[in-house]
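Have a look at the structure below before the remarks.
There are 2 protein chains.
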Amino acid sequence: MIPIYTVEEAEKSILIRKPIVDVSLPPQINKRIVELFGELLTPLEVVRKIINDVIEKGDRALIEWTWKLDKFNIGDNIEVKSELLESALKSIDDEVKEALISARDRIIAFHRKQPLSSWTTEELGGSLGQIINPIRRVGFYIPGGSAPLPSTVIHSVSPAIVAGVEEIVIVSPPPISSIILATCNIMRALHAKIRVLQIGGVQAIAALAYGTESVPRVNKIIGPGNIFVTLAKREVFGIVGIDGIAGPTEAVIFADESANPELIASDLLAQAEHDYLAIPIIMTTSQDLANKVKTSIEEQILDLPRSKIAEHAIKNNGGIIVVPNTERAISVINNFAPEHLSIVTKNPKQLLPLIKNSGGIFLGESSCEVLGDYIAGPSHVMPTGGAAKFSSPLSVLDFIKITSLISLDRKTVKSIAPLAEILACNEELQAHSEAARRRAK
Amino acid sequence: MIPIYTVEEAEKSILIRKPIVDVSLPPQINKRIVELFGELLTPLEVVRKIINDVIEKGDRALIEWTWKLDKFNIGDNIEVKSELLESALKSIDDEVKEALISARDRIIAFHRKQPLSSWTTEELGGSLGQIINPIRRVGFYIPGGSAPLPSTVIHSVSPAIVAGVEEIVIVSPPPISSIILATCNIMRALHAKIRVLQIGGVQAIAALAYGTESVPRVNKIIGPGNIFVTLAKREVFGIVGIDGIAGPTEAVIFADESANPELIASDLLAQAEHDYLAIPIIMTTSQDLANKVKTSIEEQILDLPRSKIAEHAIKNNGGIIVVPNTERAISVINNFAPEHLSIVTKNPKQLLPLIKNSGGIFLGESSCEVLGDYIAGPSHVMPTGGAAKFSSPLSVLDFIKITSLISLDRKTVKSIAPLAEILACNEELQAHSEAARRRAK
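Going line by line, the protein sequences match chains A and B.
The first sequence begins at 1 in the working numbering and counts up by one.
The second sequence begins at 1001 in the working numbering and counts up by one.
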């Protein structure tokens, strides 16, 4: 049942990603679109209609779309009241509560180590530098659905708190589960201005980008969502900042013959159970390990409540790749740029400098991805779809921005203004040249 | 002729920005669209058609669109040959060449100071941290047109060189002026792998994002362009990284009664001459200064070759705002989040901590924006359209990405794995919980 590929086969199949925003919708969604809009619209058309509706009608649009799409009447309760957050926290098990707090504290502690501060240099004449300020107000999209992920609240909001973001607005489609509300309250213990709004989908993204009577306009929107949410984020990009285009979760585990096949199988299944689109890949130089992992997956999967999802993901999007040697494996990894990479070899540290593109690297058998998903320290929000080639895991950097400081001394101005004058003349910008000339005096 | 506003008037007019991507096209462009496509398409439809054409036909599409849109036959010469870059450099004045080199060297020197390095902490058990790697291949879009801006080549490419980007691909619509080619060659002196391609518009963005026979696929695209280029960048965002959505250039000069009105007027005109959409604003607490600046602008503008553009920009998009006090001015600035802010007051440093949103801050009468445009040190590519609320000037940061490192020690794994197990159970992810449980042993 579990496919084992050669690297050549894999490069023609599972290592090719489908573009995230070009998916075709299942028939039942298209049927729903026709019901809602009276005609079959593309996802982008749906997104634009809802965004424009929110711009025009504000809260009223939020109430209507939440009723139509989430079958939930939010009425005047777009914002979740403090008391509800507190009672949600009281309703969860102490054990879970304490685990959430420990996770929060480690994620916060890790991000406090991220070195980021304003700086100036006097070496270029006067004071030049970069001033770092937090982004003032940030919106977080927390997906709803059948399996709520409180860890996502912790892993998204923590770096923002460390960065000093003044106001945090969390949105999630109703009804928001108690565990998500409780986790919001756990984050609120560290930050006075966290608000939780029970809206989701395109309407929530539009409300965050443009503001409504009840929803404050934010400066940046963070968080994953379905195809509609993703397209909506891309539409409002520029009006607000966004964190990126999130696709299905991915893991590549690179193991040699020294690895424990049961642990590898277990980690692969953890990746595979996420959703039908999840990409779980094992790459190994050992045919023997490949066979043992395959057997162990087939055994372990029987016990899983989400075995159907896991099986689908492994069969369709992932599998086991046998590579001829480590060099080839490294080149596959750098080309694929996985969201998560686990290295389970005799001396994993040795390979570290060779990895150029990966969201996160998990070194050795103990540091499995699941620990990173919950509690290790770095945010579990990492670049998917090959974006690790040009973007980074969520970190304090995503919540600050730089202002360049230019405060030159007179002597330096006198020496460089004539050069600026020459360059401005050359660009045929006379007023620029004149402004420089007046400083050269 | 130069408008003087109260702050209330300004907040209802010049301080409101039009969305960058929602512009309506002038009739002659629409006519051209009908000629080219046989029907009137929206800008986004035009963009998608050209992108798909490049994906399908590669180089052939580049040659065809360059012929149709730029009236230029690039034939087999998509890439500009080395010899041409070298002869372009020889063809420019020594004075200009030396000024370009000085500018390059200062921009490079400034960005070398930007503190950015991999780090790890041992404080959370084992080794956790962030590994910094340069983005491997980056494309730069340099607009063509009647007034080529070689400074943009220097200010865009320099931070990439400092970051250690391996391959740099510069695109610009043909015919590329000698001065741009010469400047590319000046940058090439510092970096072995800089290629220059004579393609522009949507077709160049598509080629950089998807690759063709002659154009290597890049990981990120940097640089401003017209509405079509901007939309194309947004379309390919996710496939590659992009730097942001660039709008018209903006400057706010905040001055008190101590400022020299002629210098202020001169700086405003430098901003205003950029293009018809440029936003040049003076804000002052002094009615007297406002009047004097107005008079000086009206005098100085007469001598400018680009006086028509400058006049249009000042009258339609900018002007002079008289504010009742400094507090009000600061609040206007933070709300507007200008690309450039000059502070020309008795004690400009005092105001620095109050500015939260601005691309660059130019302190005092000597450090005028024009010096920053060419030679001061920070990149002149700064966030426009209010994006300074959530994004930063171009810097080394734009050319690196982080990989999170998770290498926990056994003791830590044993202590946190049970917590991960609890959280996974709570999220109903059985395989996650199992993977954690196996590590708790």
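Backbone N, C-alpha and C fix where the C-beta goes; we use that ideal spot for every residue, glycine too.
Since the model is a prediction, treat every value here as computed from it, not as a measurement.
Chain-ordered chain B contacts of residue i [CB-CB under 9 Å]
i, result
"S172(A)", "Those do not exist, as S172(A) stays about 15 Å from chain B at its closest Cβ, beyond 9 Å."
"G164(A)", "Simply none; closest approach about 11 Å."
"I355(A)", "I1131, N1133, T1403"
Chain-ordered neighbours of residue i on chain A, where CB pairs are closer than 9 Å
i, result
"R1306(B)", "E428, L429, Q430, A431"
"V1096(B)", "I422, L423, C425, N426"
Beta-carbon neighbours of residue i, restricted to chain A and to distances below 7 Å
i, result
"C1368(B)", "A435, R439"
"L1128(B)", "F110, A376, G377, P378"
"E1122(B)", "The premise fails here: E1122(B) is roughly 10 Å from chain A at the closest Cβ pair, so nothing lies under 7 Å."
"Q1350(B)", "Going along chain A, no residue has its Cβ under 7 Å from Q1350(B), so there is no contact; the nearest lies around 13 Å."
Closest residue to residue i among the options (Cα-Cα distance)
i, options, result
"I239(A)", "A440(A), G211(A), D76(A)", "G211(A)"
"R136(A)", "V171(A), P19(A), E166(A), A160(A)", "E166(A)"
"I1221(B)", "D1398(B), E1339(B), L1116(B)", "D1398(B)"
"S1102(B)", "V138(A), I422(A), L15(A)", "I422(A)"
"S379(A)", "R112(A), I205(A), A10(A)", "R112(A)"
"R328(A)", "P3(A), V7(A), K349(A), I2(A)", "V7(A)"
"F1390(B)", "V34(A), T284(A), G241(A)", "G241(A)"
"R410(A)", "R438(A), V34(A), E434(A), A10(A)", "R438(A)"
"P305(A)", "H1432(B), L1341(B), R1032(B)", "H1432(B)"
"G1125(B)", "A376(A), I416(A), Q430(A)", "A376(A)"
"S331(A)", "N347(A), L351(A), N316(A)", "L351(A)"
"V157(A)", "I406(A), F228(A), I180(A), G145(A)", "I180(A)"
8 Å contact criterion, which residue i and residue j should meet: CB distance rounded
i, j, result
"E1079(B)", "L1197(B)", "5 Å"
"I1161(B)", "I1402(B)", "The Cβ separation is near 20 Å, so there is no contact."
"V1381(B)", "L1394(B)", "4 Å"
"I1194(B)", "I1170(B)", "7 Å"
"I154(A)", "I199(A)", "Contact doesn't hold; Cβ gap of about 21 Å is too wide."
"A265(A)", "Q300(A)", "6 Å"
"I1355(B)", "N1335(B)", "With a Cβ gap of about 12 Å, I1355(B) and N1335(B) do not count as contacting."
"I1253(B)", "I1282(B)", "5 Å"
Residue i classed as buried or exposed, judged by whether at least 16 other C-beta atoms fall within 10 angstroms
i, result
"G38(A)", "exposed"
"Y1374(B)", "buried"
"D267(A)", "buried"
"Y276(A)", "exposed"
"P159(A)", "buried"
"V34(A)", "exposed"
"D1094(B)", "exposed"
"L1208(B)", "buried"
"E1311(B)", "buried"
"Q1203(B)", "buried"
Test: residue i CB closer than 7 Å to a CB of chain A
i, result
"G1241(B)", "yes"
"T1066(B)", "no"
"P1224(B)", "no"
"L1419(B)", "yes"
"I1297(B)", "no"
"R1017(B)", "no"
"F1362(B)", "yes"
"S1407(B)", "yes"
"S1156(B)", "no"
"K1113(B)", "yes"
Closer than 7 Å to chain B by CB, residue i
i, result
"D267(A)", "yes"
"A232(A)", "no"
"L423(A)", "yes"
"S87(A)", "no"
"I416(A)", "yes"
"R32(A)", "no"
"E339(A)", "no"
Under 8 Å by beta carbon: chain B residues contacting residue i
i, result
"F140(A)", "The premise fails here: F140(A) is roughly 14 Å from chain B at the closest Cβ pair, so nothing lies under 8 Å."
"M382(A)", "S1404"
"P250(A)", "The identity of residue 250(A) in the sequence shown is Glu, whereas the question assumes Pro. The premise fails here: E250(A) is roughly 14 Å from chain B at the closest Cβ pair, so nothing lies under 8 Å."
"L100(A)", "L1423"
Where residue i meets chain A, residues with beta-carbon distance less than 8 Å
i, result
"S1024(B)", "Simply none; closest approach about 16 Å."
"E1056(B)", "Here the premise fails: no neighbours, minimum Cβ distance about 15 Å."
7 Å Cβ cut-off: residues of chain B touching residue i
i, result
"F390(A)", "I1135, N1219, K1220, V1240, G1241, K1401"
"D373(A)", "H1432"
"I449(A)", "Limits of chain A in this structure are 1 at one end and 441 at the other, which puts residue 449(A) out of reach."
"S91(A)", "Those within 7 Å of S91(A) in chain B number zero; the least Cβ separation is about 13 Å."
Any non-hydrogen atom of the ligand ZN closer than 6 Å to residue i Cβ
i, result
"E1039(B)", "No copy of the ligand ZN occurs in the structure displayed, which carries no ligand at all."
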